[in-house]
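Novice: For reference, the structure I am asking about is given below.
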Amino acid sequence: MTDSWKTRTKLVHQGSRRSQYGEMAEAIFLTQGFAYDSAEQAEARFIKAGEDEFIYARYGNPTTRMFEDRIAALEGTEDAFATASGMAAVNGALTAMLRAGDRVVSARALFGSCLYILEEVLARFGVEVVFVDGADLDQWRAAVTPGTKAVFFESVSNPTLDLVDIRAVCDIAHAAGAVVVVDNVFATPIFSRAVDLGADVVVYSTTKHIDGQGRALGGVICGTKEFIRKVAEPYLKHTGAAMSPFTAWIMLSGMTTLDLRCRAMASTAAEVAQALESATNVSRVIYPGLPGHTQHALAMAQMGTGGTVVTFEVAGGKEGAFRFMNALEIVKISNNLGDAKTIATHPATTTHQRLPPEQKAALGITPGLIRLSLGLEDPADLIADLAQALATV
Ligand SMILES: *Cc1c(COP(=O)(O)O)cnc(C)c1O
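Numbered by numbering that gives the first Met the number 0, the letters in the sequence shown go through residues 0 to 392 in order.
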């Protein structure tokens with residue numbers, strides 16, 4: 000029956016497990032372990048744990064399992080494994096399946112820590128990593144040679160919002176026998192069609208839209224039962240990547256409003272992007288929801304929206320951008336995204352500070368660039384705040 004539920008019903012009810020008390024709110028099972036009725040039962044559970052049987056919280060926990068079942072149902076995958084952070088999910092999904100000598104092809108425009116895993120960590124263990132321009136299918140075709148083990152990309156890149164054509168890249172990858180891992184944070188699980196479009200594994204930082212209130216770090220890997228339980232879980236459970244039950248409880252409650260929040264944020268993002276196009280002291284607006292964006296058609300086909308983030312360039316380089324940020328009254332200067340509070344980030348000096356100037360330039364991270372994650376405030380208040388801050392530049 001639950002398979003036919005629509006998204007909003009799944010977000011409220013899917014995966015709930017009730018104890019003998021019949022509690023309405025999902026319970027937090029804040030326990031590291033579980034008592035067995037007998038030595039024989041302990042032995043049997045270590046051989047094979049059933050659906051409602053747990054061994055140790057690093058392996059699994061009832062609250063965490065509720066969250067995993069809910070997000071898997073939403074994403075349309077058979078299973079999911081929740082992790083302590085988005086980075087534990089990205090690292091786990093890749094490291095669990097790779098070994099020395101394997102080849103990975105990745106889009107170049109990545110979240111800083113994702114870049115670290117691909118450039119530094121995997122290379123250190125003898126994995127060959129080749130980077131391509133994610134929007135250029137010819138580069139993917141040339142790089143994904145037969146025998147390539149994995150393909151990795153962010154479906155919408157941070158902070159310049161370049162899209163990767165998920166279906167086209169999956170076709171190229173699958174023809175070569177590669178597993179496709181998509182970091183889908185910017186698309187959100189609400190606008191995601193990554194699995195329909197061919198992705199094998201989808202990872203999220205649940206720190207972003209899924210919590211949605213900036214409270215807890217978390218991550219999740221979604222995939223087939225085979226990948227999650229046979230490939231990912233053995234690695235994750237033995238290396239200590241598990242999400243805490245308390246965090247899982249926060250994510251479960253975050254999910255009940257996820258659809259409403261993502262739609263409101265995306266609608267506000269579209270309004271703000273439009274307002275910024277004609278605002279003073281803005282030299283460029285990047286928002287895939289704008290008809291003038293070069294990947295507008297792909298964004299609509301792939302997500303049905305431009306998403307919840309708008310990136311734009313303030314006139315006057317770093318000085319202009321800083322003046323603008325310091326004049327903001329409602330919008331906060333921070334570096335999370337998908338939060339109920341609208342957040343302005345200056346990627347060149349914060350999230351992407353580590354990159355050398357040439358790499359920043361190649362990724363389009365200019366000194367005046369601002370990444371704006373739209374929250375749940377009234378769009379008119381946000382537009383007024385942005386306008387008054389831009390006027391000070
Ligand atoms: C935030 C983010 C991550 C990392 O998630 P954490 O929860 O901070 O570990 C990975 N990828 C993308 C695209 C992100 O935005």
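Quick reminder that beta carbons are idealized off the backbone N, C-alpha and C, glycines included.
#1: Taking only runs of the beta strand (DSSP E) that begin and end inside the stretch 138-212, which ones reach a length of at least 3 residues, in chain order?
#2: Using only CA atoms, which one of Phe226, Lys229 and Ser15 lies nearest to Pro61?
#3: Closer than 6 Å to a non-hydrogen atom of ligand 1 - does that hold for the CB of Val184?
#4: Is any non-hydrogen atom of ligand 1 found closer than 6 Å to the C-beta of Phe245, if you look at the structure I gave you?
#5: Please list, in chain order, all residues of the same chain as Asp210 whose beta carbon is under 7 Å from its beta carbon, the five residues on each side excluded.
#6: Could you check how far apart the C-beta atoms of Val104 and Val150 are, in whole angstroms? I think they sit under 8 Å.
#7: Consult DSSP for Ile285 and reduce its assignment to one of helix, strand or coil.
#8: Quick one: grab the DSSP three-state call for Val230.
#9: Hey, would you say Ile369 sits closer than 7 Å to Ala298, going by beta carbons?
#10: Is there contact between the stretch 146-160 and the stretch 348-363, where contact requires at least three CB pairs shorter than 8 Å?
#11: Which same chain residues end up closer than 6 Å to Phe130 when comparing Cβ atoms and leaving out the 5 residues on each side of it in sequence?
#12: Just to check my reading of the structure: Ser333 and Thr206 have Cβ atoms closer than 8 Å, yes? What is that Cβ distance to the nearest angstrom?
#13: Output the distance between the C-alpha atoms of Thr144 and Ile171, rounded to the nearest integer angstrom.
#14: Exposed or buried, what is Tyr55 when buried is set at 16 or more other beta-carbons lying within 10 Å of its beta-carbon?
#15: Distance check for Glu119 and Lys224, CA to CA, integer angstroms please.
#16: Following a CB-centred definition, is Leu121 positioned closer than 6 Å to any heavy atom of ligand 3?
#17: Find the nearest neighbour of Ser3 within the set Asp36, Gln19 and Gly75, judged by alpha-carbon distance.
#18: Using 8 Å as the Cβ pair cut-off and three pairs as the minimum, do the stretch 133-147 and the stretch 188-201 touch?
#19: According to DSSP, simplified to helix, strand and coil, what is Arg262?
#20: Could you tell me the boundaries of the alpha helix (DSSP H) in which Glu119 lies?
#21: Measuring only from the beta carbon, is Asn90 closer than 6 Å to any heavy atom that is part of ligand 1?
#22: May I ask you to list the residues that DSSP assigns as paired with Glu127?
#23: Taking all protein chains shown into account, decide if Ser277 is buried (16 or more other Cβ within 10 angstroms of its Cβ) or exposed.
#24: If I follow the unbroken alpha helix (DSSP H) through Gly316, where does it start and stop?
#25: Under a three-way DSSP split, which group does Ala361 fall into?
#26: Between which residues of its own chain and Asp164 is the CB-CB distance below 7 Å, once the five residues before and five after are set aside?
#27: Would you say Ser105 touches ligand 1, meaning its beta carbon is less than 6 Å from a heavy atom?
#28: Arg370 by DSSP, collapsed to three states: which one?
#29: May I have the straight-line CA-CA distance separating Ala26 from Thr82, to the nearest angstrom?
#30: Can you give me the start and stop residues for the alpha helix (DSSP H) that Val392 sits inside?
#31: Can you pull the DSSP bridge partners for Phe311?
#32: Using alpha carbons as the reference points, say which of Ser372, Arg353, Pro290 and Met302 lies closest to Ile329.
#33: Does the stretch 269-288 touch the stretch 35-51, meaning 3 or more C-beta pairs lie closer than 8 Å?
#34: Tell me the DSSP secondary structure of Lys224 in three-state form.
#35: From Ala71 to Arg123, what distance separates their C-alpha atoms?
Specialist: By the coordinates alone:
#1: Within the stretch 138-212, the runs of beta strand (DSSP E) at least 3 residues long that lie entirely inside it are, in chain order, 149-153, 178-182 and 200-204.
#2: Ser15
#3: yes
#4: For ligand 1, not one heavy atom lies less than 6 Å from the Cβ of Phe245.
#5: The residues Gly217, Ile249, Met250 and Gly253, in chain order, have a CB closer than 7 Å to that of Asp210 in the same chain once the five nearest residues on each side in sequence are set aside.
#6: 5 Å
#7: strand
#8: Val230 falls in the helix class under three-state DSSP.
#9: no
#10: yes
#11: Ser105 and Arg107
#12: The distance from the Cβ of Ser333 to that of Thr206 is about 12 Å, inconsistent with a contact at the 8 Å cut-off.
#13: 9 Å
#14: Under this definition Tyr55 is an exposed residue.
#15: 30 Å
#16: The model depicted lacks ligand 3 and carries ligand 1 instead.
#17: Gly75
#18: Result no; under three Cβ-Cβ pairs closer than 8 Å.
#19: Looking at Arg262 - three-state DSSP - the assignment turns out to be helix.
#20: No alpha helix (DSSP H) holds Glu119; DSSP gives it neither H nor E.
#21: no
#22: Arg102
#23: exposed
#24: Gly316 to Ala326
#25: helix
#26: Leu136 and Leu297
#27: no
#28: strand
#29: 19 Å
#30: Where Val392 is concerned, there is no enclosing alpha helix (DSSP H), given that its DSSP letter is neither H nor E.
#31: Val284 and Ile369
#32: Ser372
#33: no
#34: helix
#35: 32 Å
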